[in-house]
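Please read the structure below before turning to the comments.
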Amino acid sequence: MSFFHYITYKLVIIRDRRIGFIYYTIAVAIVLYTLAEIFLKKGYLELDTSPEATLRFALSDPKEDNGGNESGQIPSFENLTYCCNRDVEPSKSCTPCQFLDAQELSWPVESHTISLTTFAKDRWQMRNTSFSSMKSLYFTARPESMLVKIEHAVLATKLFSGGTDLAASQRKMKGYLIADENMNPRGRADRLPIQEILNAAGVASLDEVSDALNAKGKPFRRHGIVLHVTIHYQNTDSTILGTGDITYSYHVRRIPYADYRVNQLMPVRSEREFAADSNHRAHQENRLFRKRYGIKIEFHQSGRLGHFSFPALLMRLVSGVGLLTLTATIVDILTLYILPDRFRYRRFVYEESPVLEVKKNE
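Structure, rendered in structure tokens:
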């Protein structure tokens, strides 16, 4: 065979059940795989797996949230096992409690992170002196009863469907907290009690022993805890075919072996210093040094939003056809070069024509 010979193909039926079984087994598997990719995994959708999202949250007292007005009433500490009774002198084994409202509990204020103080150490300090008062140790009363109000929205920036953006606000979406399964009502911000968030992370009580490396048997309430909350958006799993409304879910995980503490410096001014002219204020002489231990909740947002796309469907179909062509090539290689009867098969597949040359008229 020279370089200028032309090679073409012909259809040959090889009556061998072994070859037919190999080919049709692989072909059926490829067809089923392609159909599963298209219908079960919804391969006809164009997906945005990193949508843009906004988040706003605040910590609130449950009494304020219910519209109650109980100002001036200090809650009882009698039923709190981690608090000393007021009639008992504080000791190493007995720590008093203080009630802090939502604004005092939530510090520092950070983007996508909320912190609640469960235990604190206060120390009074004076500038340019060695004076430092004794530490004041105390637990905060019932921090797990506080509520986190959350509002958020999502936008699929990679998708543009029918002239409108694929987007939704939390007030118009259905959502739920994993391990709770109760849908949050529409039309208002989500209100999640801290205890429910802890339960979703597998922490039944803050009095459980911390697994932090330097906790030394202390509970989460005393040494701190870090929670990772993911808000996940989707519109593809709620229907068998196509897409539905955007829904969201809260997924909470505790970061193991992690504690949480933060230092806070609060300058203290007297009434005279505060009323003085701002241009002539003296340097602050006193300050309160507070070491806070508590709950740190980090919020992250993710999603998987999609809409129908003919190019995506066509890509799946072309991939299936390509796999079928590859199957035929693999079977041909087995037939002609590997199987024991390969030399017999070659006589059926390959055929050479006689030499055809154009004779010149003499």
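The opening position of the sequence shown corresponds to residue 26 in our numbering, with each subsequent residue numbered one higher. For every residue, glycine included, the Cβ atom is placed at its ideal position computed from N, Cα and C.
Cβ shell of residue i (< 6 Å), same chain only, five flanking positions each side left out
{"i": "Gly249", "result": "Asp284, Tyr285, Arg286, Tyr318 and Gly319"}
{"i": "Leu184", "result": "Asp73, Leu191 and His332"}
{"i": "Ile219", "result": "Glu169 and Met171"}
{"i": "Tyr461", "result": "Lying before the first or after the last residue shown, residue 461 is absent from the chain, which here runs from 26 to 387."}
{"i": "Gln259", "result": "Arg329"}
{"i": "Arg367", "result": "Leu361"}
{"i": "Gly345", "result": "Thr59"}
{"i": "Arg315", "result": "Ala145, Asp147 and Gln289"}
{"i": "Leu364", "result": "none"}
{"i": "Ser161", "result": "Asp147"}
{"i": "Arg341", "result": "Glu62, Ile63 and Gly68"}
{"i": "Gln326", "result": "Ala78 and Ile256"}
CB of residue i within 7 Å of CB of residue j, strictly
{"i": "Tyr282", "j": "Asp232", "result": "no"}
{"i": "Gly331", "j": "Val179", "result": "no"}
{"i": "Ala229", "j": "Val277", "result": "no"}
{"i": "Ala337", "j": "Tyr69", "result": "yes"}
{"i": "Ile175", "j": "Phe82", "result": "yes"}
{"i": "Thr264", "j": "Met198", "result": "no"}
{"i": "Leu349", "j": "Ile55", "result": "yes"}
{"i": "Glu77", "j": "Thr182", "result": "yes"}
Cβ-based neighbour list, residue i, same chain, cut-off 7 Å, excluding 5 preceding and 5 following
{"i": "Asn94", "result": "Low confidence applies here, because Asn94 scores a pLDDT of 48, under 50, leaving its location unreliable; read the following figure in that light. No residues qualify anywhere along the chain."}
{"i": "Leu130", "result": "Leu84, Leu141, Thr142, Thr165, Pro168 and Met171"}
{"i": "Thr261", "result": "Lys67, Leu70, Thr268, Arg329 and Gly331"}
Spatial neighbours of residue i in its chain, beta-carbon cut-off 8 Å, leaving aside the 5 residues before and after
{"i": "Gly97", "result": "In this prediction, Gly97 scores a pLDDT of 48, lower than 50, which makes its location untrustworthy; the coordinate-derived value is nonetheless stated afterwards. Nothing meets the Cβ criterion."}
{"i": "His133", "result": "Per the sequence shown, the amino acid found at residue 133 is Pro instead of His. Once the five neighbours on either side are set aside, the close Cβ partners of Pro133 are Ser140, Val287 and Gln289."}
{"i": "Val415", "result": "The displayed coordinates of the chain run from 26 to 387. Any statement about residue 415 would go beyond what the structure contains."}
{"i": "Pro379", "result": "none"}
{"i": "Gln195", "result": "Ile175, Glu176, His177, Ala178, Ala214, Asp215 and Tyr273"}
{"i": "Ala52", "result": "Leu349 and Thr352"}
{"i": "Asp270", "result": "Ala193, Met198, Lys199, Asn260 and Ser263"}
Nearest neighbour of residue i, chosen from the options [CA to CA]
{"i": "Pro121", "options": "Gln128, Ala145 and Arg40", "result": "Ala145"}
{"i": "Val254", "options": "Leu125, Ala204, Pro87 and Arg341", "result": "Ala204"}
{"i": "Arg279", "options": "Ile271, Asp270 and Phe324", "result": "Phe324"}
{"i": "Arg43", "options": "Arg372, Thr360, Phe373 and Phe368", "result": "Thr360"}
{"i": "Tyr163", "options": "Asp366, Gly269, Leu125 and Asn260", "result": "Leu125"}
{"i": "Pro87", "options": "Arg312, Ala127, Arg247 and Arg81", "result": "Ala127"}
{"i": "Asn311", "options": "Phe335, Asn239 and Arg152", "result": "Arg152"}
{"i": "Leu388", "options": "Ser194, Asp215, Arg196 and Ala193", "result": "Any answer about residue 388 is impossible in this case: the structure gives the chain only from 26 up to 387."}
{"i": "Glu135", "options": "Phe335, Leu80, Ser161 and Asp147", "result": "Leu80"}
{"i": "Val251", "options": "Thr189, Thr138, Asp262 and Lys316", "result": "Thr138"}
{"i": "Thr50", "options": "Leu65, Gln195, Ala353 and Thr189", "result": "Ala353"}
{"i": "Tyr275", "options": "Asn224, Cys108 and Gly267", "result": "Asn224"}
{"i": "Lys243", "options": "Tyr107, Leu65 and Phe46", "result": "Tyr107"}
{"i": "Pro292", "options": "Thr33, Ser194 and Trp149", "result": "Trp149"}
{"i": "Leu217", "options": "Arg246, Ala193, Ile322 and Thr189", "result": "Ile322"}
{"i": "Phe335", "options": "Thr261, Lys67, Tyr34 and Asp41", "result": "Lys67"}
{"i": "Ser75", "options": "Ile363, Gly267, His257 and Arg371", "result": "His257"}
{"i": "Leu105", "options": "Tyr31, Arg246, Val343 and Arg371", "result": "Arg246"}
Residue range of the unbroken alpha helix (DSSP H) whose run includes residue i
{"i": "Met340", "result": "Phe335 to Ile358"}
{"i": "Phe373", "result": "Arg367 to Val374"}
{"i": "Thr59", "result": "Arg42 to Leu60"}
{"i": "Asn224", "result": "Ile219 to Ala225"}
Element boundaries [beta strand (DSSP E), containing residue i]
{"i": "Gly23", "result": "The requested residue 23 is not part of the displayed model; the chain covers only 26 to 387."}
{"i": "Ile271", "result": "Segment: none, Ile271 is in no beta strand (DSSP E) and carries neither H nor E."}
{"i": "Ala127", "result": "Element bounds for Ala127: not the beta strand (DSSP E) but the alpha helix (DSSP H), Ala127 to Leu130."}
{"i": "Arg247", "result": "It is not in any beta strand (DSSP E) - Arg247 instead sits in the alpha helix (DSSP H) that spans Phe245 to His248."}
{"i": "Thr189", "result": "Thr189 to Ser194"}
{"i": "Lys146", "result": "Thr138 to Met151"}
{"i": "Ser402", "result": "Since the first and last residues shown for the chain are 26 and 387, residue 402 lies out of range."}
{"i": "Thr79", "result": "Glu77 to Ser85"}
{"i": "Asn288", "result": "Arg286 to Val293"}
{"i": "Glu71", "result": "Leu70 to Asp73"}
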